[in-house]
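Asks:
There are 4 protein chains.
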Amino acid sequence: MPKIVDSEQHRKEILSKCFDLFAEKGYANVTTRQLCKELGISTGAMYHYFPSKQALFEQLVEEMSMQEFQLFKAATYGHTLSERIQGLEKLLIDNEAHFIKQAAIWVDFYQHHETAEIDQNPIFQKIDKRSQQEMSEFLNLGDLKLARFIWTLINGILIEQLEGSDDFSFEEQIHLLAQMLTTYFEKHLPS
Amino acid sequence: MPKIVDSEQHRKEILSKCFDLFAEKGYANVTTRQLCKELGISTGAMYHYFPSKQALFEQLVEEMSMQEFQLFKAATYGHTLSERIQGLEKLLIDNEAHFIKQAAIWVDFYQHHETAEIDQNPIFQKIDKRSQQEMSEFLNLGDLKLARFIWTLINGILIEQLEGSDDFSFEEQIHLLAQMLTTYFEKHLPS
Amino acid sequence: MPKIVDSEQHRKEILSKCFDLFAEKGYANVTTRQLCKELGISTGAMYHYFPSKQALFEQLVEEMSMQEFQLFKAATYGHTLSERIQGLEKLLIDNEAHFIKQAAIWVDFYQHHETAEIDQNPIFQKIDKRSQQEMSEFLNLGDLKLARFIWTLINGILIEQLEGSDDFSFEEQIHLLAQMLTTYFEKHLPS
Amino acid sequence: MPKIVDSEQHRKEILSKCFDLFAEKGYANVTTRQLCKELGISTGAMYHYFPSKQALFEQLVEEMSMQEFQLFKAATYGHTLSERIQGLEKLLIDNEAHFIKQAAIWVDFYQHHETAEIDQNPIFQKIDKRSQQEMSEFLNLGDLKLARFIWTLINGILIEQLEGSDDFSFEEQIHLLAQMLTTYFEKHLPS
DNA sequence: AATGAATGAGGTTTCATTCAT
DNA sequence: TATGAATGAAACCTCATTCAT
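Chains as they are written, first to last, in our numbering: chain E, 23 to 213; chain D, 23 to 213; chain U, 23 to 213; chain C, 23 to 213.
1) Ends of the alpha helix (DSSP H) at residue 221 (chain U)?
2) Between residue 200 (chain E) and chain D, is any beta-carbon pair separated by less than 8 angstroms?
3) DSSP state of residue 163 (chain D), grouped into three classes?
4) Counting pairs of Cβ atoms below 8 angstroms between the region 144-155 of chain U and the region 147-157 of chain C, do you hit three or more?
5) I'd like to know whether the C-beta atoms of residue 123 (chain U) and residue 188 (chain U) end up nearer to each other than 8 angstroms.
6) Give me, in chain order, the residues of the same chain whose beta-carbon lies closer than 8 angstroms to that of residue 149 (chain E); leave out the 5 immediate sequence neighbours on both sides.
7) Check whether the Cβ of residue 129 (chain C) lies closer than 8 angstroms to any Cβ atom in chain U.
8) How do the region 68-80 of chain D and the region 166-183 of chain D stand: do at least 3 beta-carbon pairs fall below 8 angstroms, yes or no?
9) Does the region 203-212 of chain E come close enough to the region 101-109 of chain E that 3 or more CB-CB pairs lie under 8 angstroms?
10) Quick one: grab the DSSP three-state call for residue 129 (chain C).
11) Could you say which of E:121, E:79 and E:76 lies nearest to residue 93 (chain E) if we only look at CA atoms?
12) Taking beta-carbon pairs under 7 angstroms, can you tell me which members of the region 128-153 of chain E lie near chain D?
13) Taking the Cβ atom as the reference point for each residue, do residue 115 (chain E) and residue 36 (chain E) lie within a distance shorter than 8 angstroms?
14) What is the DSSP secondary structure of residue 14 (chain D), counted as helix, strand or coil?
15) Quick one: grab the DSSP three-state call for residue 188 (chain C).
16) Mind listing which residues of the region 177-200 of chain C have their C-beta closer than 9 angstroms to chain U's C-betas, in chain order?
17) Could you check if residue 49 (chain E) is buried or exposed, using at least 16 other CB atoms within 10 Å of its CB as the buried criterion?
18) If you measure between the beta carbons of residue 129 (chain U) and residue 129 (chain C), is that distance less than 8 angstroms?
19) Listed from N- to C-terminal order along the chain, which residues in the region 46-57 of chain E have their beta-carbon within a distance smaller than 9 angstroms of any beta-carbon of chain D?
20) In whole angstroms, what is the alpha-carbon distance linking residue 23 (chain U) and residue 29 (chain U)?
21) Any idea if residue 131 (chain U) is buried or exposed, counting beta-carbon neighbours within 10 angstroms, 16 or more meaning buried?
22) Report the three-state DSSP secondary structure of residue 120 (chain E) (helix, strand or coil).
23) Please check the pair residue 127 (chain C) and residue 77 (chain C), which I expect to be a contact at CB under 8 angstroms, by giving their CB distance rounded to whole angstroms.
24) Can the beta-carbon of residue 140 (chain D) be found less than 8 angstroms from the beta-carbon of residue 181 (chain E)?
25) Does any residue of chain U bring its CB to less than 8 angstroms from the CB of residue 171 (chain C)?
26) Between residue 60 (chain D) and residue 75 (chain D), how many whole angstroms is the CB-CB distance? I'm expecting something under 8 angstroms.
27) Are residue 161 (chain C) and residue 198 (chain C) touching if we call contact CB-CB under 8 angstroms?
28) Can you grab the Cα-Cα spacing for the pair residue 54 (chain E) / residue 72 (chain E), in whole Å?
29) Quick one: which chain E residues come within Cβ less than 8 angstroms of residue 167 (chain D)?
30) Rounded to whole angstroms, what's the CA-CA distance from residue 25 (chain U) to residue 192 (chain D)? Just pull it up for me.
31) Within 10 Å of its beta-carbon, does residue 91 (chain C) have 16 or more other beta-carbons around it, so buried, or fewer, so exposed?
32) For the region 62-80 of chain U, enumerate the residues whose C-beta is nearer than 7 angstroms to any C-beta of chain C, in chain order.
33) Would DSSP call residue 109 (chain U) helix, strand or coil?
34) Please check if any C-beta of chain U sits within less than 8 angstroms of the C-beta of residue 99 (chain C).
35) To the nearest angstrom, how far is the alpha carbon of residue 34 (chain C) from that of residue 63 (chain C)?
36) Using 8 angstroms as the limit for Cβ to Cβ distance, is residue 175 (chain U) near chain C?
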């Protein structure tokens, strides 16, 4: 039993390190050899834990989503909508690095998989659905579409960060978006 | 002299067709052979027009930006901010396919190039700067940062479209964003 | 058109050289690198002609069978059974090297493919059926099973040669088998 | 001392199970992992009993030959040549599975070893010599070459069985060969 | 200009073997 | 003795690029 625990932990450690690499360079631009060298393990070891580079990547996506859920769980939920938007703002800023990398990996993931392929995979379906729900619950918005839309805008900001222009910081951009949302909801959602 | 014109035209035709392919699959996931097959030319011919796959891609990015400028040029500029936002909305919806593909290619481009590398390249510097200006002028916003921010949010919507979820159309999303912006500016920008 | 001919010829030349190598060492014991080095071509070139090592091997088996048919076609058919057996003897001895290698490759082929897999492949079905018929016609035996049985015994001799013991030559062994068959048929088949 | 016995027994059990696997798939097509999984032991355990996959295979060949000798020892020797041929027939049919697998393994063995290598190995020399003698004694044929030849024909039938065509059973084929041999000897060997 | 066969460095993956536990 | 995670050389294969025609 302890061996299984160790093994599982090792697997997660590998995923965690791959997360950074894939986010930075993109799936296709990281070779297994590079990956293993960076991880400090042999190629054989990597293939002991994961059947293929592809599978490693997909498990990474899964794991990454789980971590996102944990973040949402751990965050403080506000009462008023305005407070909840502030909560989201804090969550994003506190975990800036994670969310930026996650956005990068999602884009990669979608480019490397046919849409049909993703639609057929129950795991990714589940992740997708749960992600929307989590977001929706966090903001206490009944409207799933609206929740998704907000996430879409946030994604825009996250991906912008990949390009590394520092003159308009992530924090400022998130804050500005939060303001826009607050302003909009004040006018359009009868609280 | 006419031969050069033909050659130049041929080069642009190739770029135009590559645009779709790269946008859909991503730079690293399209082989030169696929590319040439799709284009209906031989690999030799491709290497006659472009020194490398990389160069082809970069020229594509350049060409793509030129086309974007043309679109902005051809669009009608409104007088009031609200009208100008409506103009942007129309521009985006009328050229949905182009802008979605362009967003995909930009993301690819940034993942495949080190940030430093892009910063050093005068061509990309120029494109970047001009792009911001174009946007800023179109909205008649003095604030470059704000213009860029708006574009950032639009990018979020464009990239979302790559994932192919149809339950919330591009048109609706762009419209909602336009509304948010209008509401925000009404309150925060004294016209 | 001429290019296709060249290409096809080149393909056959490659197969021909592989024939010797696979026969001598066995499919699994020849690496693609060895193969290419021996053939004097690059790995890329090999993969230009054949999609995989496996496919190369299967095409080799097909080609090999075609050549066998040619040999049978070119051989002289006798009138009496005894003459026909002599004809077979001559055919085998004249093409000793080919038949020994072919036997080696068949054994390899059957070990590397599941029986079910072979049974489902129409090409191999056809080869198998035609092979039996060819043999049967050559000996003018109506009985397919008997023809196959004779070939089975010949296979035993062919495979023995792989082991390289020279104290009982192929020629002698084939001759002894021919004598046995003649003796048997004299008694059991009323001519 | 008893521990050595256990160990020795364990070693033989492993060999026995490998026999089936190697016969079915061929040496090169069975990985050590598959082997160990099938055997229900760890790779470490396997390497405790055998220094290498190669050594395991060679010991298997040795053990297999020993078992063959046992079979010959246990069989009933006839008086007349015809009776002795019948005895051989019975021996083969009673141990069909064993002999087919053995034939498969011999072919494999010869393909994976250079002829020179086998010729230099005293163990295989001994096995080979003894095998011929055993056969020769069983049939009470002074002529070693002839004994070997008969075995060669039998091998043809055994190997044919690997290909799994059921329309002409092993039993029938062996019987037909026995008849041929009997007919031939009646005429050519003055009893 | 155009072709597409050829190149070969380098990618992903396998697998016999080792070794800390 | 026994385990199975770890190793790394080497396997098969890909693909941007070149070059004779």
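Each residue gets a CB set at the ideal place from its N, CA and C atoms; glycine is no exception.
If you're wondering where the values come from, they're calculated on a predicted model, not measured in any experiment.
Replies: According to the structure data:
1) Missing from the structure shown is residue 221 (chain U); chain U here goes from 23 to 213 and no further.
2) For this step, residue 200 (chain E) is matched to residue 178 along the first sequence. At a cut-off of 8 angstroms between beta-carbon atoms, residue 200 (chain E) makes no contact with chain D.
3) Taking the first residue of the second sequence as 1, we reach residue 163 (chain D) at position 141. DSSP, read as helix, strand or coil, puts residue 163 (chain D) in coil.
4) Look at the beta carbons and you see the region 144-155 of chain U not touching the region 147-157 of chain C: under three pairs across the two are nearer than 8 angstroms.
5) As a first step, residue 123 (chain U) is located in the third sequence; it is residue number 101 there, counting from the start. As a first step, residue 188 (chain U) is located in the third sequence; it is residue number 166 there, counting from the start. Cβ atoms of residue 123 (chain U) and residue 188 (chain U): not closer than 8 angstroms.
6) One-based indexing of the first sequence puts residue 149 (chain E) at position 127. Non-local beta-carbon contacts of residue 149 (chain E) in its own chain, meaning distances under 8 angstroms to residues more than five positions away in sequence, involve 83, 84 and 87 in chain order.
7) Taking the fourth sequence and counting its residues from 1, one reaches residue 129 (chain C) at position 107. Yes, residue 129 (chain C) counts as interfacial toward chain U.
8) These segments do not touch.
9) With a cut-off of 8 angstroms, the region 203-212 of chain E and the region 101-109 of chain E count as touching, because enough Cβ pairs lie within range.
10) By one-based count along the fourth sequence, residue 129 (chain C) stands at place 107. It is helical.
11) Mapped onto the first sequence, residue 93 (chain E) falls at position 71. The shortest C-alpha separation from residue 93 (chain E) is found at E:121.
12) Those residues of the region 128-153 of chain E that come within reach of chain D (Cβ to Cβ, closer than 7 angstroms) are 129, 132, 133, 134 and 137.
13) Here residue 115 (chain E) is taken as the residue at index 93 of the first sequence, counted from 1. Here residue 36 (chain E) is taken as the residue at index 14 of the first sequence, counted from 1. No, these two residues do not count as a Cβ contact at 8 angstroms.
14) Outside the shown range of chain D, which is 23 to 213, sits residue 14 (chain D), and nothing can be said about it.
15) The residue you call residue 188 (chain C) lines up with position 166 of the fourth sequence. In the three-state reduction of the DSSP assignment, residue 188 (chain C) falls in the coil class, being assigned neither a helical nor a strand state.
16) So the list reads 177, 178, 179, 180, 181, 182, 184, 185, 186, 187, 189, 190, 194, 195, 198 and 199, given in the order they occur along the chain.
17) On the first sequence, residue 49 (chain E) is found 27 positions in, with the first residue counted as 1. Under a 10 Å Cβ-count criterion, residue 49 (chain E) is classified as buried, with 16 or more other Cβ atoms of the shown protein chains found around its own Cβ.
18) Your numbering for residue 129 (chain U) matches position 107 in the third sequence. Your numbering for residue 129 (chain C) matches position 107 in the fourth sequence. Less than 8 angstroms divides the Cβ of residue 129 (chain U) from the Cβ of residue 129 (chain C).
19) Listed in sequence order: 46, 47, 48, 49, 50 and 51.
20) Residue 23 (chain U) sits at position 1 when you count from the first residue of the third sequence. Residue 29 (chain U) sits at position 7 when you count from the first residue of the third sequence. Reliability of the predicted coordinates at residue 23 (chain U) is poor, the pLDDT of 36 falling under 50, and the value obtained from them is presented with this limitation in mind. Answer to the nearest angstrom: the Cα atoms are 10 angstroms apart.
21) Start at 1 with the first residue of the third sequence, and residue 131 (chain U) comes out as number 109. Residue 131 (chain U) is buried by the Cβ-count criterion.
22) Walking along the first sequence from the start, residue 120 (chain E) turns up at place 98. DSSP places residue 120 (chain E) in helix when its eight states are reduced to three.
23) Locating residue 127 (chain C) in the fourth sequence gives position 105, where the first residue counts as 1. Locating residue 77 (chain C) in the fourth sequence gives position 55, where the first residue counts as 1. Actually they do not touch by this definition, with Cβ atoms about 15 angstroms apart.
24) Numbered from 1 along the second sequence, position 118 holds the residue referred to as residue 140 (chain D). Numbered from 1 along the first sequence, position 159 holds the residue referred to as residue 181 (chain E). Cβ atoms of residue 140 (chain D) and residue 181 (chain E): not closer than 8 angstroms.
25) For this step, residue 171 (chain C) is matched to residue 149 along the fourth sequence. Cβ-Cβ to chain U under 8 angstroms: yes for residue 171 (chain C).
26) Sequence index remark: in the second sequence, residue 60 (chain D) carries index 38 (1-based). Sequence index remark: in the second sequence, residue 75 (chain D) carries index 53 (1-based). So it is not a contact: roughly 14 angstroms between Cβ atoms.
27) As a first step, residue 161 (chain C) is located in the fourth sequence; it is residue number 139 there, counting from the start. As a first step, residue 198 (chain C) is located in the fourth sequence; it is residue number 176 there, counting from the start. Inclusion of residue 161 (chain C) and residue 198 (chain C) in the CB contact set at 8 angstroms is not warranted, their separation being larger than that value.
28) Along the first sequence, one-based indexing puts residue 54 (chain E) at 32. Along the first sequence, one-based indexing puts residue 72 (chain E) at 50. Approximately 12 angstroms, taken between the alpha carbons.
29) Taking the second sequence and counting its residues from 1, the one referred to as residue 167 (chain D) is at position 145. Near residue 167 (chain D) (Cβ distances below 8 angstroms), the residues of chain E are 189 and 190.
30) As a first step, residue 25 (chain U) must be located in the third sequence, where it is residue number 3. As a first step, residue 192 (chain D) must be located in the second sequence, where it is residue number 170. Unreliable placement is indicated for residue 25 (chain U), whose pLDDT of 46 sits below 50; no coordinate value is reported for it.
31) Translated into positions along the fourth sequence, residue 91 (chain C) becomes position 69. Per the 10 Å Cβ criterion, exposed.
32) Taking 7 angstroms as the upper bound on Cβ-Cβ separation, chain C lies near no residue of the region 62-80 of chain U.
33) Within the third sequence, the letter at position 87 stands for residue 109 (chain U). Helix at residue 109 (chain U).
34) Position 77 of the fourth sequence, counting from 1, holds the residue named residue 99 (chain C). Answer no: the Cβ-Cβ gap between residue 99 (chain C) and chain U never drops below 8 angstroms.
35) In the fourth sequence, counting from the first residue as 1, residue 34 (chain C) sits at position 12. In the fourth sequence, counting from the first residue as 1, residue 63 (chain C) sits at position 41. Across the structure, residue 34 (chain C) and residue 63 (chain C) are spaced so that their CA atoms are roughly 14 angstroms apart.
36) Here the question's residue 175 (chain U) lines up with position 153 in the third sequence. For residue 175 (chain U), the answer is yes, since a Cβ of chain C falls inside 8 angstroms of its Cβ.
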